[in-house]
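Numbering (the UniProt record's numbering), first residue to last: 1 to 88.
Glycine is no exception: its CB is placed at the ideal position from the N, C-alpha and C atoms.
What follows is a single structure, written as structure tokens, with notes after it.
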């Protein structure tokens with residue numbers, strides 16, 4: 001990812017807009033990344049990957065029934081180890 005100072009970004013915004021169509025551009029302020037410019041296509045791709053978080057009370061009876069029936073696919077037994085120290 002290309003990094004540019006905020007001052008350079010302001011002076012050459014058109015150039016960095018063109019670059020952002022190919023790769024993200026991180027804008028820095030006082031040496032620290034403050035924001036990233038990226039293409040609309042990349043932004044939309046990331047938004048499609050967003051997850052929606054629900055509270056338990058938002059689940060329908062059908063949702064809860066489906067979760068109760070769900071099974072872990074074969075090959076993931078090693079993850080059972082992660083539950084050993086879990087406390088509700």
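Just verifying my parser: in three-state terms, what is the DSSP assignment at residue i?
i, result
"residue 69", "helix"
Run the CB neighbour count on residue i, radius 10 Å, all protein chains shown included, and call it buried at 16 or more, exposed below.
i, result
"residue 54", "exposed"
"residue 27", "buried"
Can you name, in chain order, every residue of its own chain whose Cβ lies under 7 angstroms from the Cβ of residue i, other than the five neighbours on each side?
i, result
"residue 38", "20, 24"
"residue 5", "28"
Work out the CA separation of residue j and residue i for me, nearest whole Å.
i, j, result
"residue 15", "residue 8", "10 angstroms"
"residue 65", "residue 11", "57 angstroms"
"residue 36", "residue 1", "9 angstroms"
Below 6 angstroms CB to CB, which residues in the same chain sit around residue i once its five sequence neighbours on both sides are set aside?
i, result
"residue 3", "26, 28"
Next item on the list: Jot down the residue ranges of each uninterrupted alpha helix (DSSP H) in the segment 16-60, minimum 4 residues, whole runs only, in chain order.
Entry: DSSP runs (the alpha helix (DSSP H)) wholly in the segment 16-60: 40-48.
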